[in-house]
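Below you'll find the structure, written out as structure tokens, and then a few comments.
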Amino acid sequence: MTTIIDRPKPTDRPPLGQLLQESPYQAYVYSYPHKTSYRPIAPPVSLGQLWSGENREALFLYIHIPFCEMRCGFCNLFTTVSGDREFFREYAIAVGRQAQRVKLALGEASFARFALGGGTPTLLPLEQLEAILDLAEGTMGARLADIPGSVEVSPETVDRQKLKLLRDRGIDRVSIGVQSFIDAEVLAVQRRQQASQVEAALTLMRGANFPTINIDLMYGLPGQTIESWLYSIRQALRFQPEEIYLYPLYVRPLTGMGKSRREWDDIRLACYREGRSLLLGEGYTQVSMRMFRASHALAANGPVYCCQADGMVGLGCGARSYTESWHYSSNYAVDNKKIRHILESFIKTPDESFDFANYGFQLDGEERRRRYVLLSLLSEKGLNLVAYRQRFATDAFADLPELSELMPLGLADWDGDILRLTATGLERSDVIGFWLFSERSRQLMDYYDLK
Ligand SMILES: C[S@@+](CC[C@H](N)C(=O)[O-])C[C@H]1O[C@@H](n2cnc3c(N)ncnc32)[C@H](O)[C@@H]1O
Ligand code: SF4
678 MTTIIDRPKP
688 TDRPPLGQLL
698 QESPYQAYVY
708 SYPHKTSYRP
718 IAPPVSLGQL
728 WSGENREALF
738 LYIHIPFCEM
748 RCGFCNLFTT
758 VSGDREFFRE
768 YAIAVGRQAQ
778 RVKLALGEAS
788 FARFALGGGT
798 PTLLPLEQLE
808 AILDLAEGTM
818 GARLADIPGS
828 VEVSPETVDR
838 QKLKLLRDRG
848 IDRVSIGVQS
858 FIDAEVLAVQ
868 RRQQASQVEA
878 ALTLMRGANF
888 PTINIDLMYG
898 LPGQTIESWL
908 YSIRQALRFQ
918 PEEIYLYPLY
928 VRPLTGMGKS
938 RREWDDIRLA
948 CYREGRSLLL
958 GEGYTQVSMR
968 MFRASHALAA
978 NGPVYCCQAD
988 GMVGLGCGAR
998 SYTESWHYSS
1008 NYAVDNKKIR
1018 HILESFIKTP
1028 DESFDFANYG
1038 FQLDGEERRR
1048 RYVLLSLLSE
1058 KGLNLVAYRQ
1068 RFATDAFADL
1078 PELSELMPLG
1088 LADWDGDILR
1098 LTATGLERSD
1108 VIGFWLFSER
1118 SRQLMDYYDL
1128 K
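When we follow this note's numbering, the leftmost residue of the sequence shown carries the number 678, and every step to the right adds one.
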């Protein structure tokens, strides 16, 4: 039998009222369960077994490129600074070998979405970028021209040739990390980037005809004021991005900022409110606490993909994969030496070892229901109680009775079918999400040894 090592005893869920007294920034829930609740899987499970009972008609293909030009002081993503072309080449070869094995294990499968993330995928030289797109199409069979596809870029790595390659191969969304249009603010978080470079990159991106451009901005940066924050948003608006993400700064352990003892003034809630009303006034709609979509943005074409229900196939070191009952990935670290070590072993992985998941989280019925509730509730669509009943044959309020605490606190409205966060609820998404974590998942996160 397969067991997850290190499963501590559950503790009580903190009352929502109590959590609301604390910081609005408790956990960014972009997926559930959180990767710090993953543990070694002993014995490892074969991917063939893991994917055999799954619906593989509308999968998400994600490829992780764990390289950056710089290590930003706030960043805890799985990425390392490198400019070593040989290392990039070896990495692309290893991802190619992994893709072959994963495709064999998957068998018949169709992809409805594609994303190339990191790190900074556009740091790769053109030929490796091309090799990665080739394996997405050739080995994995993703029809990039027919499905929505996205890539993450940083300003310094944007160039005309790479953009042309990506667009020609069917990528329709480019997401650029800008964080701030004020040089001193980005410099303070060890990010070398000048506003002039950002403008040049955005101009190139616009010229390359991507239907969707996303700009990431951050609030709560050292030295930032509400005025300077609004200035950055206005600068971003000059490029009429189809999407804007407003990220509150999280200072995380083991990052450059986390290691320093400085304390930052917390103006995040005020920045959120001002930023949100600026964007709503400009005709953007709010999709989630962080995401805003312009009225001129086109709806994504292509096959239907449902993030609550459909699976994800992750390739590359640090990528996560999701089936109904297992979430798995490679081992994970924030500390640079450990990241390097994990990357070096990924490159040397024998082909047959790619056939197994050996680090992850097994989702039982409760976890699957929680995941569905969490991902639905934290987005504009809200939790559709009818769809939930169709999927699980149970009632969401019976499964998660704590949901009824949201309405009296003014955090959600319920129209009989849909439970949707109010404006107050949306700005407390990072509290509500954390509060909805299962006890098992919270315990595992608490006991996770940061590395
Ligand atoms: C993969 S990066 C974007 C692409 C590219 N690597 C870059 O930085 O330009 C994802 C985004 O997450 C956000 N982010 C990362 N770490 C964060 C943190 N500690 N707090 C808030 N936002 C963070 C940043 O806005 C960043 O642009
Ligand atoms: S924010 Fe982007 S560029 Fe900076 S270290 Fe993280 S992934 Fe790399």
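The beta-carbon is built from N, C-alpha and C at its ideal position, and this holds for glycine as well.
Small disclaimer: the values here were computed from a predicted structure and weren't measured.
- F858 is bridged by DSSP to nothing; it lacks a bridge partner.
- Taking a cut-off of 8 Å on C-beta distances, the segment 816 to 832 touches the segment 738 to 749, as three or more cross pairs fall below it.
- Remark: C-beta atoms of S1106 and L1051 do not approach each other more closely than 7 Å.
- Residue side-chain check: S852 keeps its Cβ at 6 Å or more from all non-hydrogen atoms of ligand 2.
- L736 and A822 have their C-alpha atoms spaced approximately 16 Å apart.
- Rounded to the nearest whole angstrom, the C-alpha separation of R950 and L898 is 16 Å.
- The C-beta distance from R1045 to K712 rounds to 17 Å, too long to fall under 8 Å, and the pair is not in contact.
- The closest heavy atom of ligand 2 lies 6 Å or more from the beta carbon of S827.
- Contact annotation: F969 and L956 have beta-carbon atoms nearer than 7 Å.
- Residue burial annotation: G1042 is exposed, with fewer than 16 other C-beta atoms found within 10 angstroms of its C-beta.
- A distance of 7 Å or more separates the beta carbons of A885 and L812.
- Membership of L806 in any beta strand (DSSP E) is not indicated; the residue belongs instead to the alpha helix (DSSP H) covering L803 to D811.
- G818 has its alpha-carbon roughly 37 Å from the corresponding atom of I1095.
- Check the Cα spacing between L738 and each of H1018, F1038 and Y999: the tightest is with Y999.
- Sequence-distant Cβ neighbours of A792 in its own chain, meaning closer than 6 Å and more than five residues away, are Y739 and S827.
- Remark: the shortest separation between the CB of C752 and any heavy atom of ligand 2 falls under 6 Å.
- Contact between the segment 761 to 770 and the segment 840 to 849 is not established, with fewer than three Cβ pairs separated by less than 8 Å.
- A872 is positioned such that its CB atom lies closer than 7 Å to that of D860.
- DSSP places C745 in the strand class (E or B) of the three-state scheme.
- In the structure shown, the three-state DSSP call for T902 is coil.
- Annotation: the continuous alpha helix (DSSP H) that includes G958 extends over R945 to G958.
- Between the alpha carbons of C983 and Y1049 lies a distance of about 10 Å.
- Between the segment 1021 to 1035 and the segment 1072 to 1092 there are fewer than three inter-stretch CB-CB distances shorter than 8 Å, so the stretches are not counted as touching.
- A769 counts as buried, since at least 16 other C-beta atoms from the protein chains shown sit within 10 angstroms of its C-beta.
- At least one heavy atom of ligand 2 falls within 6 Å of the beta-carbon of G796.
- In this structure, D849 has its beta carbon at no less than 6 Å from each heavy atom of ligand 1.
- Listed in chain order, the alpha helix (DSSP H) runs fully inside the segment 1011 to 1076 are 1013 to 1025, 1042 to 1054, 1062 to 1069 and 1073 to 1076, counting runs of at least 4 residues.
- By the CB criterion at 7 Å, G796 and T756 fall inside the cutoff.
- By the beta-carbon neighbour count (other beta carbons within 10 angstroms, threshold 16), D987 is buried.
- When only Cα atoms are considered, Y705 and G1110 end up about 8 Å apart.
- Shown here, V875 sits in a helix according to DSSP, grouped into three states.
- With contacts defined as CB atoms closer than 7 Å, Q775 and L992 qualify as a contacting pair.
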